[in-house]
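Residue numbers (the UniProt record's numbering): 1 to 377.
Backbone N, C-alpha and C define an ideal beta-carbon position, used for all residues, glycine too.
Structure first, then comments.
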Ligand SMILES: [Zn+2]
């Protein structure tokens, strides 16, 4: 009990120092690799002189577990980082940046296990990649890891059995150690280093090419840390298209986990009313992948938009307007039948597919932020 009380007290004081003493937090956040190597050299022991930042209460020997101090008798006021109670240690690690966690992982096996934990990296993943990495990207990552592991296994088997078919492997562990790492940390590093291409969607593809204005297309993406932008490879559209220097704002997680070649089944046709914001699939011909295009539901010609007298929602005919195009443009408007709509169009005007109604203000705002400075022909 005494040990618990003292440990708890030291945690409280440490926690207080984290919240009330910026210098103390700054020390940990700025823990450089040189500091870490110093820790390493001194057998993971470090002096309490590190805590010279002004604390609300001076940190003294009494606040540290007596038994722990006994272990360090003869080493002055030194204590091991790993001697800290679990919560303060976790609290310190949670405040480290990815680079600092990687450095810290090199100190010893115990810190390596802690610094590589999915728990710590999931938070970092969410912070940096949460807006562009979705289920389909995670799925592709799992396939990528499985495929690499399968290759490694085959190589191991060839190596072991290739010339000596009668020799059995000594153990399975050797192979397992060389397996590709499927941790969240490995995914984070592969994304940041640009080694892993992931699926996502890109607004206004090909640098806002007029033919793609206010659309969103599936692509494979790769991050470039030097420019903090992305490179995209768009699914074959008669040709492979590549685009570079795509900023974060033009990426999104695919809202539905379906292939761009699959027709989306609309579930909102009965609800469409004038003024609703929608996205509709469109493709040039049936060999091409769909892109998602932003539009709004308009009024029927017969309606004259008379406020409370509007009965457009009762009609089977629905007008979809794409106001990024000039009023005379053939892309400005299309008509669908809410009872029978599946995919409609022709080889000249393209094919209009599934419709999703936008309910989220954020989604609508994103489209409006991408609005072209002038209307498109
Ligand atoms: Zn109307």
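Residue i bridges to which residues according to DSSP?
i           : result
residue 203 : 216
residue 224 : 229
residue 333 : 321
residue 90  : Per DSSP, none; premise fails for residue 90.
residue 242 : 233
residue 352 : 282 and 344
residue 296 : 277 and 321
residue 252 : 201
residue 106 : Answer by DSSP bridge pairing: none, since residue 106 is not bridged.
Between residue i and ligand 1, is the CB less than 7 Å from at least one heavy atom?
i           : result
residue 300 : yes
residue 274 : yes
residue 102 : no
residue 268 : no
residue 312 : yes
residue 216 : no
residue 303 : yes
Throw me the rounded Cβ distance for the residue i and residue j pair, which I believe falls under 8 Å.
i           : j           : result
residue 355 : residue 266 : 4 Å
residue 218 : residue 260 : 4 Å
residue 263 : residue 330 : The Cβ separation is near 22 Å, so there is no contact.
residue 319 : residue 299 : 7 Å
residue 234 : residue 191 : Not quite, the Cβ-Cβ distance comes to about 20 Å (not below 8 Å), so this is no contact.
residue 362 : residue 337 : Actually they do not touch by this definition, with Cβ atoms about 30 Å apart.
residue 114 : residue 93  : 6 Å
residue 136 : residue 199 : 5 Å
residue 245 : residue 229 : 5 Å
Using alpha carbons as the reference points, say which of the options lies closest to residue i.
i           : options               : result
residue 141 : 250, 189, 90 and 357  : 189
residue 101 : 285, 272, 117 and 187 : 117
residue 275 : 301, 321 and 234      : 321
residue 138 : 197, 318 and 157      : 197
residue 193 : 211, 212 and 231      : 231
residue 257 : 269, 201 and 241      : 201
residue 124 : 358, 96, 149 and 144  : 96
residue 206 : 241, 199 and 228      : 241
residue 286 : 302, 347, 340 and 227 : 347
residue 273 : 313, 344 and 304      : 313
residue 283 : 185, 345, 213 and 251 : 345
residue 377 : 105, 213, 99 and 122  : 213
residue 133 : 182, 220, 114 and 328 : 220
residue 370 : 126, 181, 359 and 294 : 294
residue 225 : 339, 195 and 254      : 195
residue 99  : 186, 365 and 366      : 186
> With a cut-off of 8 Å, do at least 3 Cβ pairs link the segment 281-296 to the segment 342-354?
Replying inline: Result yes; three or more Cβ-Cβ pairs closer than 8 Å.
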